[in-house]
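**Q** Submitted below is the structure of interest, expressed as structure tokens.
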Amino acid sequence: MKRQFSFSKYEQEVRPMLREKLNRAESTEDVKKFFVYAFRDLMNRVSEGRVTVEYEDILLDLSERDGFSIGDRLGATPDFVSLWNSSDLPHIVKRMAESAIKRHKYLDRHRDKTETKMYPIPG
Numbered sequence: 194m195k196r197q198f199s200f201s202k203y204e205q206e207v208r209p210m211l212r213e214k215l216n217r218a219e220s221t222e223d224v225k226k227f228f229v230y231a232f233r234d235l236m237n238r239v240s241e242g243r244v245t246v247e248y249e250d251i252l253l254d255l256s257e258r259d260g261f262s263i264g265d266r267l268g269a270t271p272d273f274v275s276l277w278n279s280s281d282l283p284h285i286v287k288r289m290a291e292s293a294i295k296r297h298k299y300l301d302r303h304r305d306k307t308e309t310k311m312y313p314i315p316g
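Under our numbering, the sequence shown has 254 at position 61, and the numbering climbs by one with no breaks.
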């Protein structure tokens, strides 16, 4: 039987920061950006700095079944692949993506409120 690692401890450390930033997001682009930052932070903790995550390495993608897509560069990194395949990391990132997608959809539905907040009419 293959050994499975659990990184839920790190998820609990990163999740409050992600939640706070998502609540402050003013646009769907902010949501995407905060998701990437949270993933980068999570990977840095999990890999103890062995896996370097670039901004383009993960994308919040509403068209994907899991809500995100991993870039080719990161997907070809042996340390990342090893962690990804031998842990609960895919499930953790999926939960993070679900939270981000929920906020993304909310902001997309209420675009008029978002634009008013971002671009107030002087007067």
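C-beta: ideal position from N, C-alpha, C; glycine also. This structure is a prediction, so every number in the text was calculated from the model and none was measured.
Which first and last residues belong to the beta strand (DSSP E) in which F261 is found?
**A** Residues 261-263.
**Q** Starting from the C-beta of N216, find all residues in its chain whose C-beta is less than 8 angstroms away, skip the five residues before and the five after it, and write them out in chain order.
**A** Excluding residues within five positions, the ones whose Cβ falls inside 8 angstroms are R296.
**Q** Compare the C-alpha of H303 against each of E219, M210, E241 and name the closest.
**A** Residue E219 is the option with its Cα nearest to H303.
**Q** Kindly list the residues whose CB is nearer than 8 angstroms to the CB of Q197, restricted to its own chain and excluding five residues on each side of it in sequence; keep chain order.
**A** Taken in chain order, the residues that qualify are S279, S280, D281.
**Q** May I have the straight-line CA-CA distance separating K202 from F228, to the nearest angstrom?
**A** Roughly 18 angstroms separates the two Cα atoms.
**Q** Using DSSP with H/G/I as helix, E/B as strand and the rest coil, what is L267?
**A** Note: L267 maps to helix in three-state DSSP.
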